[in-house]
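Trainee:
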Ligand SMILES: Cc1cc2nc3c(=O)[nH]c(=O)nc-3n(C[C@H](O)[C@H](O)[C@H](O)COP(=O)(O)OP(=O)(O)OC[C@H]3O[C@@H](n4cnc5c(N)ncnc54)[C@H](O)[C@@H]3O)c2cc1C
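In my numbering, the protein residues as written are 966 to 1266.
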């Protein structure tokens, strides 16, 4: 049965773009995660659709991954197929003079550069977020006063029923780190952003300024998944954690960053279990001291 599945997947993406028993720590910015049974890198909508249909037919679970920069994957890995939308599916096309249409696997940094080169402003806030368009739309990624909701016109998604549908900004129901995509289990295929005419030098200088801020404030020298917790209503997770004296708190190889308490870092040998134990303890202490419930921003599988 399983070898029939493998043969069918090979027929869809070819032998080179199917990896078996692939270590997920190679595909997450946390550098954590056991092996996935199947890891595929599709390059077209047709392939993505065929892969999901094939998995469903064989009763194999699947999960869509972008840059893996908001993920904590179990030490046991993933029993099923990881569909990684990355560079193989990352075309960027200009529409009219101020719209950019991008495939889900395109990195935000690349789009930021393309937009700057075309003298288009509005994408600067996103250009330093280490993720793909797919992950950014799903999470309504945001930084420095901007969020995806401000610039997205529409996203084309694959529904659970196998239909390709285009949703407008409103229909995407983008909120703080949420969207309708997670609720409905859609796969983001394409997104269209509307930007404004600007001055290339000014755009690049703003991007540089924001990148410097990140380097100064964030522990970019260590693997992490960015802000570990969502911002609780009326508070900042990092400040609560720092005020609770938890900076530097460690479980195994996982540690609350000394530089930015909102980040949990992998000091070299962290397991997913270490991270879970550490975040559970942080949540417990913050609840005990401040009565505030922290919620993970990072997605666990
Ligand atoms: C150093 C660092 C700094 C960060 N700074 C920020 C920041 O400033 N602002 C911010 O918002 N985030 C930040 N993040 C978190 C992360 O970069 C964002 O959440 C990013 O949008 C995730 O994109 P990704 O491609 O890596 O998604 P992944 O981590 O691969 O996936 C995240 C979720 O999206 C889903 N997903 C991914 N692609 C698709 C798709 N095509 N269709 C359907 N579902 C999909 C996955 O299933 C998963 O549930 C930071 C992370 C790091 C490591």
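C-beta: ideal position from N, C-alpha, C; glycine also.
What does residue 1036 pair with, by DSSP beta-bridge criteria?
Mentor: 1264
Trainee: Is residue 1104 near ligand 1, judged by its Cβ being under 7 Å from some heavy atom?
Mentor: yes
Trainee: Hey, quick one: how far does the alpha helix (DSSP H) through residue 1187 stretch, first residue to last?
Mentor: Counting along the chain, residue 1187 falls outside any alpha helix (DSSP H), and DSSP gives it neither H nor E.
Trainee: What is the residue span of the beta strand (DSSP E) that residue 978 lies within?
Mentor: Looking at the DSSP string, residue 978 is not in any beta strand (DSSP E); the run it does join, the alpha helix (DSSP H), is 967 to 978.
Trainee: Whose C-alpha, out of 1247, 1244, 1263, 1192, is nearest the C-alpha of residue 1228?
Mentor: 1192
Trainee: Below 8 Å on the Cβ atoms is my contact criterion, and I expect residue 941 with residue 1116 to pass it. Report the Cβ-Cβ distance as a whole number of Å.
Mentor: Residue coverage of the chain in this structure runs from 966 to 1266, which leaves residue 941 outside it and unanswerable.
Trainee: Please tell me whether, using a cut-off of 7 Å, the distance from the CB of residue 1097 to the nearest non-hydrogen atom of ligand 1 is below it.
Mentor: yes
Trainee: I'd like the span of the alpha helix (DSSP H) that includes residue 1017, first residue to last.
Mentor: In the DSSP assignment, residue 1017 falls within the unbroken alpha helix (DSSP H) covering 1010 to 1023.
Trainee: In angstroms with no decimal places, state the Cα-to-Cα distance between residue 1083 and residue 1172.
Mentor: 14 Å
Trainee: Taking the beta carbon of residue 1231 as the centre, do at least 16 other beta carbons fall within 10 Å, making it buried, or is it exposed?
Mentor: With a threshold of 16 other beta carbon atoms within 10 Å, residue 1231 meets it and is buried.
Trainee: Between which two residues does the beta strand (DSSP E) containing residue 1059 stretch?
Mentor: 1057 to 1060
Trainee: Name the two residues that bound the continuous alpha helix (DSSP H) containing residue 1244.
Mentor: 1237 to 1255
Trainee: How would you write the range of the beta strand (DSSP E) that residue 1231 sits in, first residue to last?
Mentor: 1228 to 1231
Trainee: Residue 982 and residue 1089: beta carbons closer than 8 Å?
Mentor: no
Trainee: Quick check: residue 1262 and residue 1215, are their CB atoms within less than 8 Å of each other?
Mentor: no
Trainee: Would you call residue 986 buried or exposed, if buried means 16 or more other Cβ atoms sit within 10 Å of its Cβ?
Mentor: Around the beta carbon of residue 986, fewer than 16 other beta carbons lie within 10 angstroms, which makes this residue exposed.
Trainee: Chain D beta carbons: is any one of them nearer than 8 Å to that of residue 1148?
Mentor: You won't find chain D in this structure, because it holds only one protein chain.
Trainee: Can you find the residues in the same chain that come closer than 8 Å, C-beta to C-beta, to residue 1045, ignoring five residues on each side of it along the sequence?
Mentor: 1001, 1002, 1003, 1020, 1025, 1026, 1027, 1028
Trainee: Between the segment 1139 to 1150 and the segment 1011 to 1020, can you find at least three pairs of beta-carbon atoms closer than 8 Å?
Mentor: Judged by Cβ distances under 8 Å, the segment 1011 to 1020 makes no contact with the segment 1139 to 1150, as fewer than three pairs qualify.
Trainee: Can you look up residue 1162 in the DSSP assignment and give me helix, strand or coil?
Mentor: strand
Trainee: From residue 1055 to residue 1009, what does the alpha carbon distance come to, in whole angstroms?
Mentor: 10 Å
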